[in-house]
Amino acid sequence: MSLFKFIITLWVTFNGPLEKYHEAHTVAVLAKNLKIPETKNPISRDRSRRKAIPILLDSSLRSPKPMATIPVNPKPFLNNLTGKTVIVKLKWGMEYKGFLASVDSYMNLQLGNTEEYIDGQLTGNLGEILIRCNNVLYVRGVPEDEELGDAEQD
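Take 1 as the starting number for the sequence shown in full-length UniProt numbering and just add one per residue.
If you want it as structure tokens, here you go:
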């Protein structure tokens, strides 16, 4: 296999088919400028014993990695959490753990039996609170086993 075909194969493996001329041209230029020393080790020529070698491509040539999480529509997500214990983290670093009583169309949150945590330390019980939507960094549900563990500690 020629070096050019090898580079094209790598490109297609990492980035999908070459659809644009400038992508093919970029790969062709890279293939011309790339110098790979010939190996004289007979084992490396044996395909059955060859190991995969990770090849690092320039970051401009790689496609972005897919996100680790699956995007979820926020309104159904929040409606499903209504009536459950949630943790809300604000942009300013504070976290609030409480019972999600309701959510409105602006995604303002009403929490009951709320506890405030700053830097992971419980700072107090606040009771019922309203959190304005523009302050929220994220909302996550608390697993049921974690809820039960907290209830046993109280």
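In this text, a Cβ means the ideal position worked out from N, Cα and C, and glycines have one as well.
Predicted model only: the values in this text are computed from it and were never measured.
First and last residue of the uninterrupted beta strand (DSSP E) at residue i
i, result
"K89", "T85 to L90"
"S102", "E95 to V103"
"Y114", "First, the amino acid is wrong: residue 114 is Thr here, not Tyr. Here the beta strand (DSSP E) through T114 covers L109 to I118."
"T69", "First-last for T69: undefined, no H or E at that position."
"N125", "Q121 to I131"
Inter-residue Cα distance where the pair is residue i and residue j
i, j, result
"K84", "Y138", "16 Å"
"V88", "Y117", "10 Å"
"E95", "G141", "13 Å"
"W92", "E144", "27 Å"
"N125", "N73", "31 Å"
"F77", "K97", "17 Å"
"I129", "P71", "28 Å"
"N113", "V86", "11 Å"
"K108", "T69", "At residue 108 the sequence reads Asn, which differs from the Lys that was named. Distance between the alpha carbons of N108 and T69: 24 Å."
"L122", "V136", "19 Å"
"G127", "N79", "21 Å"
"D119", "I131", "19 Å"
Contact belief for residue i with residue j at Cβ below 8 Å, rounded distance in angstroms
i, j, result
"S102", "T82", "6 Å"
Spatially closest choice to residue i from the options, by CA coordinates
i, options, result
"C133", "D119, L90 and G112", "L90"
"L111", "G120, L100 and D119", "L100"
N-terminal and C-terminal residue of the alpha helix (DSSP H) that residue i is part of
i, result
"N80", "P74 to L81"
Residue i beta carbon near the ligand ZN (any heavy atom closer than 7 Å)
i, result
"S105", "In the structure shown, the ligand ZN is absent, as is every other ligand, since no ligand is present at all."
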